[in-house]
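Visitor: In this note's numbering, the protein residues as written are 1 to 112. Quick one: this structure, given as structure tokens, is what I'll be asking you about.
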Amino acid sequence: MEIILNGGSLVWLRRDLRLEDNNAISKAISLNTKFILCFVFDKKILNPLLSEPLAVRDTNNFIIDNRISFIYYSLKELDKKLKKIGSGLIVKYGFSTKVIPELARKLQVENV
């Protein structure tokens, strides 16, 4: 399913993954237009973890990092809540400085 907002807002979630009492979401709602939420697992933050010499790895050689696991499961819960109200969450992996502008163009949003 292709999403085009033709205006509206892309709400980029970074640290605050709450639906309630979230300033970015409140601002998007106040604009009284369509909006969609997104989160970017940023390579700028994650790539250094791959080279940590003391990083704990699982049997598949993946880094085990409780911070990333917490974010991942929080995003899954957030997506479930959004789907219950007919919405959803876009999750991307890459450099946010590239991903966000590309996504904004693709969705044709006015505000990020």
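For glycine and all other residues, C-beta sits at the position ideal for the given N, C-alpha and C.
With 16 as the cutoff for other CB atoms within 10 Å, does Val109 come out buried or exposed?
Guide: Buried: at least 16 other Cβ atoms inside 10 Å.
Visitor: DSSP three-state label for Ser9, please.
Guide: Of the three classes helix, strand and coil, the one that applies to Ser9 here is strand, per DSSP.
Visitor: For Phe35, is the classification buried or exposed, using 16 other Cβ atoms within 10 angstroms of its Cβ as the cut-off for buried?
Guide: Answer is buried; the Cβ neighbour count reaches 16.
Visitor: According to DSSP, is Phe41 helix, strand or coil?
Guide: It is a strand residue.
Visitor: Can you name, in chain order, every residue of its own chain whose Cβ lies under 8 Å from the Cβ of Ala104, other than the five neighbours on each side?
Guide: The residues are Leu10 and Val112.
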